[in-house]
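The next block holds one structure in the form of structure tokens; read it before the comments.
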Amino acid sequence: MKKFVFILLLLIFFFLLLPKEQSNEIKLKYATWGSQTEIEILTPMLKEFERQNPSIKIELMHIPQNYFQKIHLLFASNSAPDVVFINNLYLPFFANAGVLNPITNYPQETEPKALAALSFDNQIYAVPRDISVLVLFRNKDLFKKCKVDLDNTDLDFEKFLSLTQKFKSCNVFGISFEENPPLFYLPYLMSNGGGILSDDTKTNIFDSKNSQKGVKFYTDLRTKYHVAPTASESANMTMAQLFLNGKLAMHLTGHWLVPKYEQEAKFDWDTITFPKGDVGSVVSLDASGWAISKSSKHKKEAQKLIEFLSSKENILKFTQSGLIVPARKDILNGEFQTKSFNKAFVNAIKTAKPTPVSTDYVTILDGIKRQTNLLFNQK
């Protein structure tokens, strides 16, 4: 018996000395911002990806606040996620820093302008998920109440100004006014042939004649014609709140407000494209998408995750939530347009221009903000 116990212990000892079989499981870190609603859409997708790929586990890093500052710190500390959700405004900074891997595989159905927005130095660095353009949301009930023609949708700046002035008789503001970010006044500049940066991103053109013409028109809406609210007149309410409260006839904004307006608006509303300036109706086009960290040890698996998330099936799920304008043309020109108000977004994309962005774009915007603060709030 003692001999048997001795042999058994010896076998256990040698078994413990044997090299352990290495786990084949790969952990991918995926960082994103987003509302709780967006995360509730994303989480089941990631679970399904894990089910289809049992050897890959996803660690979701949800960073709802100060996202890009925290991502920058992760890269600086050599602890970057494998997959990074990113937008075109910050992409040049990270691409120029050499921390993103160029992308060569993306869906054939991807909207070319979205790819252009997520490129730097002629290299694509992220697979687009969505597109952001601005359109005019209209309170149709206010139009009818104030006896303003709803059929007049082909507007130039002169006709647009005349339209906004007609709402004075109803004691409501004709158009929204937002000082920051520049996204909200860029269409006024770009439709007059201006902007913040030149198309090659090398020159600040904010002080150019064309840009300043757009800035003046936008400023005059508030300070000269009084068809847009001042900060005090909005009484600390956002433009969305003014619109929902029936105090604003038109709101220039993006698709992210569609779920809110569908749920909360007690009036009939629709959308039309931005009016034409000297060079037509030109709004800035932004995009968000998935990038791969250059330091990732699992680039093949990261690419596989991106291909899964950018599939028609999954982009359609994001689209059906109402949160995004899809970057896939097969959805953009199909299911997306089943809601009539989405057609204005599709039309806006046709004449939109990807926002020219440089590596120091955020710093440039800070300087412009100091200028516009004085302009937009002059007595």
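My numbering numbers the first residue of the sequence shown as 750 and each following residue consecutively. Cβ atoms here follow ideal geometry from the backbone N, Cα and C, with glycine treated the same way.
Please check the pair residue i and residue j, which I expect to be a contact at CB under 8 Å, by giving their CB distance rounded to whole angstroms.
i: G1071; j: A875; result: Incorrect: roughly 23 Å between the Cβ atoms, too far for contact.
i: H1000; j: M988; result: 5 Å
i: T859; j: R1077; result: 6 Å
i: F798; j: L1054; result: 6 Å
i: V833; j: S1042; result: 6 Å
i: A977; j: S911; result: Their Cβ separation, rounded to whole angstroms, is 14 Å, which puts A977 and S911 out of contact at 8 Å.
What number of angstroms, rounded off, separates the C-alpha of residue i from the C-alpha of residue j?
i: I1117; j: Q801; result: 49 Å
i: V1028; j: I945; result: 16 Å
i: E982; j: F922; result: 10 Å
i: N815; j: S918; result: 43 Å
i: D956; j: L1114; result: 13 Å
i: L1123; j: E928; result: 11 Å
i: T1020; j: L795; result: 34 Å
i: P813; j: G1083; result: 31 Å
i: F916; j: D905; result: 18 Å
i: A1057; j: F1067; result: Checking the sequence, you will find Phe at residue 1057 rather than Ala. Approximately 13 Å between the Cα atoms of the pair.
i: P803; j: Q1086; result: 36 Å
i: I954; j: E808; result: 43 Å
i: V1007; j: R887; result: 12 Å
i: D949; j: F1125; result: 28 Å
i: T902; j: K776; result: 52 Å
i: L991; j: L997; result: 6 Å
i: K894; j: N837; result: 41 Å
i: A866; j: A1036; result: 6 Å
i: H811; j: K1046; result: 21 Å
i: D898; j: P936; result: 23 Å
i: P930; j: Q1069; result: 27 Å
Just reading off the beta strand (DSSP E) that residue i is part of, what are its end residues?
i: S1033; result: S1033 to S1042
i: E808; result: I805 to H811
i: A998; result: L997 to T1002
i: F834; result: V832 to N836
i: R1129; result: The structure shown does not extend to residue 1129, since the chain is modelled only from 750 to 1128, so the question has no answer here.
i: D1019; result: W1018 to I1021
i: K951; result: Looking at the DSSP string, K951 is not in any beta strand (DSSP E), and its letter there is neither H nor E.
Drop a sphere of 10 angstroms on the beta-carbon of residue i, count the other beta-carbons inside from all chains shown, and report buried for 16 or more, exposed for fewer.
i: P1103; result: buried
i: D831; result: buried
i: S1059; result: buried
i: Q857; result: exposed
i: P1111; result: With the sequence shown as reference, residue 1111 is identified as Val, and Pro is not the correct amino acid for it. The residue in question, V1111, is exposed, as its Cβ has fewer than 16 Cβ neighbours within 10 Å.
i: N1130; result: Because the chain spans 750 through 1128 in this model, residue 1130 falls outside it and cannot be assessed.
i: A1101; result: buried
i: N920; result: exposed
i: D1109; result: exposed
i: K962; result: buried
i: G1003; result: buried
i: K908; result: exposed
Residue range of the alpha helix (DSSP H) that residue i falls in?
i: V964; result: K958 to T972
i: R1119; result: Y1110 to F1125
i: V1007; result: V1007 to E1013
i: D890; result: K889 to K894
i: L1054; result: K1048 to L1058
i: K862; result: P861 to A866
i: I820; result: Y816 to A825
i: L840; result: L840 to N845
i: T913; result: F906 to Q914
i: Y937; result: L935 to M939
Near residue i, which residues of its chain fall below 6 Å by C-beta distance, leaving aside the five closest residues on each side in sequence?
i: P768; result: A caution first: P768 carries a pLDDT of 47, below 50, which makes its placement in the model unreliable, though a value can still be read off. Cβ within range, chain order: n/a, list empty.
i: L885; result: M999, L1001 and I1021
i: E1013; result: L993
Leaving out five residues before and five after residue i in sequence, what residues of the same chain have Cβ atoms less than 8 Å from its Cβ?
i: N1096; result: T1022
i: N994; result: M986
i: I1098; result: E860, K862, I880, V882, L1034, V1074 and L1081
i: E774; result: S804, I805 and K806
i: T968; result: L1124, F1125 and Q1127
Which same chain residues, not among the five before or five after residue i, have their C-beta less than 7 Å away from its C-beta?
i: S960; result: L938, G943, G944 and I954
i: I1064; result: R878, P1075, R1077 and I1080
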